[in-house]
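Below is one structure, written out as structure tokens; the observations come after it.
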Amino acid sequence: MSKQTMEFIMKDESIKIELLDDDNKAYKVTIISYNNSILKFTSPIKNGKPVKLKKGMEIPIQISAHSCVFSSEIKVVAIAAPFFNKDHSKIIISAELNGDITQKSGKYLTPVPEKSNINIFDQKRDNFRLEVEMEMYYIFILSSAGEEMEDTEPVLATLTDVSAGGMCLISQEQFNSEDQLELYFDILDKSFTVTGLILGASETPEGYKNRIRFINFDEGDEKELASTILRYQQLDK
């Protein structure tokens with residue numbers, strides 16, 4: 592993978608970078624910026640003190656982003672430290688990528704080349720989709736006309752695929768676009784409850800296949816669902 596790939600990887604707001612020493616011990620750093628192939632980050636800390644880095648030093652790194660793990664190498668090009676201030680967080684390291692970026696784990700989706708008016712694909716966690724058939728439950732809570740449903744019980748349905756952004760389920764009940772359901776499902780050892788908006792449905796021999804987008808999904812739960820899907824995929828290999 593090229594240095595341009597690094598620019599794409601950096602778009603993940605939850606990206607984490609660790610520096611590796613000779614014993615393969617990892618040191619977390621805080622990213623300041625990434626521009627023109629130069630990565631700026633705070634000094635790594637060991638036993639409460641900054642790790643001594645020198646200009647020209649080549650350091651292996653590990654990158655966690657887009658639910659994947661990558662490895663590469665950087666070369667320190669500059670170190671900026673305030674003369675009087677002893678705050679370790681003020682020590683800024685500048686380094687350039689010194690090698691290829693190699694994917695170590697995870698299902699990585701590469702950017703789509705730009706064509707006419709199509710923008711470069713901006714990878715999101717909800718692009719990790721799990722195709723699986725399992726039982727789940729739903730409650731019909733709000734119709735497309737805005738009518739709240741009352742005294743409804745959980746209804747059994749079949750989950751056919753799921754991502755952090757939505758799912759498809761097969762129900763015996765027919766729904767309209769923009770009906771809302773409360774969805775209950777388990778993946779591995781995790782239980783999830785989320786509100787879903789019906790985008791459309793098609794009739795199948797098994798029932799009605801509903802395309803659903805998750806709404807009002809807590810960000811923390813969304814990330815947990817994405818990571819659980821990835822874990823399921825890895826176990827299923």
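Residue numbers for the sequence shown follow my numbering, so the first one is 592 and each next one is one higher.
The C-beta atom is built at its ideal place from N, Cα and C for all residues, glycine as well.
Query, Result
"Restricting to Cα atoms, I'd like to know which of 792, 798, 796, 797 is closest to residue 804.", "792"
"Tell me whether residue 789 sits in a helix, a strand or coil according to DSSP, three-state version.", "strand"
"Keeping to the same chain, check which residues put their C-beta closer than 7 Å to that of residue 707; ignore five residues upstream and five downstream.", "Low confidence applies to residue 707: its pLDDT is 33, below 50, so where it sits in the model is not reliable, and the reading given next is rough at best. So the list is empty, once near-sequence residues are dropped."
"Helix, strand or coil: how does DSSP classify residue 766 here?", "coil"
"Distance, Cα to Cα, residue 705 vs residue 630?", "Summary for residue 705: the model assigns pLDDT 38, below 50, so the residue's position carries little reliability, and this model does not support an answer."
"Note down the Cα distance separating residue 691 from residue 823, rounded to an integer number of angstroms.", "28 Å"
"Considering only C-alpha positions, which residue in the set 694, 653, 635 is nearest to residue 682?", "635"
"Along the chain, where does the alpha helix (DSSP H) that runs through residue 605 open and close?", "Neither: residue 605 is in no alpha helix (DSSP H) and is coded neither H nor E."
"Any chance you could list the beta strand (DSSP E) runs of at least 3 consecutive residues sitting entirely within the region 597-672, in chain order?", "607-611, 617-620, 622-626, 629-633, 649-656, 659-671"
"Nearest CA to the CA of residue 637: which residue from 626, 657, 612?", "612"
"Of the choices 739, 826, 621, 689, whose alpha-carbon is the least far from that of residue 772?", "739"
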